[in-house]
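A quick write-up on the structure given underneath.
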Amino acid sequence: MTRVLVLGGGSGGLVAANKVKRLLGKEVEVTLVDRNTHHEFMPAYPWVAFGMREPEAVRRPLANLEKRGIRYLQATVEALDPERNRVKTTAGELSYDYLIVSLGAEALPSPAQDGHAPWSLEGALKLREALRTFKGGKVVVGVSSPYYPCPPAPYEVAGQVEFALKVKGVRDKSTVEVFHLNPAPLAGMGPVISGKVLEILKSKGIAFHGGFEPVEFAGGKVKAKDGRELSYDLLILTPPFAPNRVVRESPLAGPQGFPEVDRMTFRSPRFPNVFVIGDTVNPALMLPPAGVVAHFQGEYVAGVIASDLKGAYIGEPFNPVAMCIMDFGDNALLPQCSFERVLSGTGMPSCGVMAVGKWVRITKMLFEGFWFATLIE
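The UniProt record's numbering puts the first residue of the sequence shown at 1, with every later residue one more than the last.
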């Protein structure tokens with residue numbers, strides 16, 4: 001029996017494990033390893049922060065995978081040994097015939113001690129408590145480095161906190177500002193998306209500060225490299241991220257720490273039975289570190305493994321498209337980008353607006369239920 005080992009129970013790993021088992025059934029033994037006990041629907045973290053969801057509503061036990069014929073092992077991955085087809089974990093050494101690495105990026109310590117980061121359940125609950133006692137003031141949302149999961153996240157949270165202040169009745173006593181290293185919101189998606197996000201921010205009275213490279217957080221102020229300063233009473237900041245430590249210290253790593261993979265198949269050129277997907281590799285491929293991309297990669301590599309074993313490709317083609325519903329609290333935007341030209345090295349992504357309006361938020365909420373029902377319940 002062929003052994004498929006999946007490292008990471010996030011979007012990419014969960015999809016890949018399910019798809020491999022669905023395609024190959026009893027022909028494969030699928031094991032998913034994650035240090036956490038639960039899979040969490042990450043797009044719902046801000047909903048937890050703003051009281052729309054409780055933690056248990058946005059997570060499911062990874063042990064549920066056992067009902068789907070997928071073995072789940074709670075352990076921390078310590079080292080990769082692709083020469084020997086081995087993975088070292090806190091639960092012992094594991095061997096495999098195929099390895100799918102979807103360990104995500106590694107969060108680094110925040111440069112701001114007083115900053116809030118509602119992109120984990122713990123961080124979301126801390127922001128919820130801060131908002132509960134917030135009486136109005138200066139709110140600043142920003143990024144600490146160019147590399148962080150979910151590019152739209154800061155803009156979503158800025159819109160949602162602005163709406164929350166309205167509900168609390170303190171909007172007229174408050175300002176909301178966003179800063180980013182890029183010159184425009186989601187600059188990599190082109191002028192159409194940037195323009196629409198700016199339009200929504202402006203309609204909500206949210207100021208945007210582009211080309212703002214933070215160098216110091218002190219005394220309730222964030223200072224930029226070019227001398228600009230923003231003062232705040234409440235700071236919401238994405239932490240910096242780095243390539244996953246286990247991967248960057250392994251034989252899979254390339255010169256920048258990210259693994260080297262074939263741009264079209266996500267297969268390691270040195271170890272053809274190893275695939276790397278999701279935030280572990282996507283920044284090096286100029287793909288957005290977003291759950292939707294990891295999702296499509298997970299489906300695709302599962303099909304590639306099935307084709308290796310069956311001799312014909314029976315899975316899904318890789319969909320180089322990213323769609324992300326941006327929830328601004330009382331409005332929403334659905335952009336779509338094709339990264340086909342990026343992967344082929346022939347140009348920039350092609351992006352457009354699929355929909356905008358309050359009703360788009362409902363679609364995101366419906367997708368949350370669909371996600372759990374099809375993958376882990």
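Ideal Cβ positions, reconstructed from N, Cα and C, are used throughout, including at glycine.
- Taken through DSSP and simplified to helix, strand or coil, A355 comes out as strand.
- DSSP places I100 in the uninterrupted beta strand (DSSP E) bounded by 98–101.
- Under the rule that a run must span 3 or more residues, the beta strand (DSSP E) segments found entirely inside the region 207–267 read 214–218, 221–224, 229–231, 234–238.
- DSSP places L108 in no beta strand (DSSP E); its state is neither H nor E.
- The beta carbon of I193 sits closer than 6 Å to those of L186, P335, C351, all from its chain and outside the five residues before and after it, given in chain order.
- Per DSSP, the beta-bridge partners of S350 are S338.
- In the structure shown, the three-state DSSP call for A79 is strand.
- M348 and A91 have their C-alpha atoms some 43 Å from each other.
- DSSP links M326 through a beta bridge to L333.
- Membership of D34 in the beta strand (DSSP E) is indicated by the continuous run 28–34.
- Collapsing the DSSP output to three states places R59 in a strand.
- Where V167 is concerned, the enclosing alpha helix (DSSP H) starts and stops at 153–168.
- For the pair of segments examined, the region 322–337 was found to touch the region 157–172: the number of CB pairs separated by less than 8 Å reaches three.
- Under DSSP, S95 takes part in a beta bridge, and its partners are R86.
- Take C150, set aside five residues on each side of it, and the residues of its chain with a beta-carbon closer than 6 Å to its own are A290, in chain order.
- In the structure shown, L73 falls within a strand segment according to DSSP collapsed to helix, strand and coil.
- When only Cα atoms are considered, L375 and L14 end up about 7 Å apart.
- Between D114 and L230, the gap from beta carbon to beta carbon reaches 7 Å or more.
- Using a C-beta cut-off of 8 Å, the region 244–258 makes no contact with the region 127–147, since fewer than three inter-stretch Cβ pairs fall below that distance.
- Between G142 and P214 a beta carbon distance of about 7 Å is seen, short of the 8 Å cut, so the two are scored as contacting.
- Here the alpha carbon of N36 sits roughly 14 Å from the alpha carbon of V6.
- In the displayed model, R3 falls within a strand according to three-state DSSP.
- By the beta-carbon neighbour count (other beta carbons within 10 angstroms, threshold 16), I277 is buried.
- When the five nearest sequence neighbours on each side are left out, the beta carbons in the same chain lying within less than 8 Å of the beta carbon of Y45 are those of V58, P118, W119, S120, L121, G123, A124, in order along the chain.
- Between the C-alpha atoms of L23 and F241 there is a straight-line separation of about 34 Å.
- If one requires a minimum length of 3 residues, the beta strand (DSSP E) runs lying completely within the region 260–314 are 274–276, in chain order.
- Secondary structure at E368: helix, using DSSP grouped into helix, strand and coil.
- Residue burial annotation: D279 is buried, with at least 16 other C-beta atoms found within 10 angstroms of its C-beta.
- Taking the Cα positions, R60 is about 11 Å away from G9.
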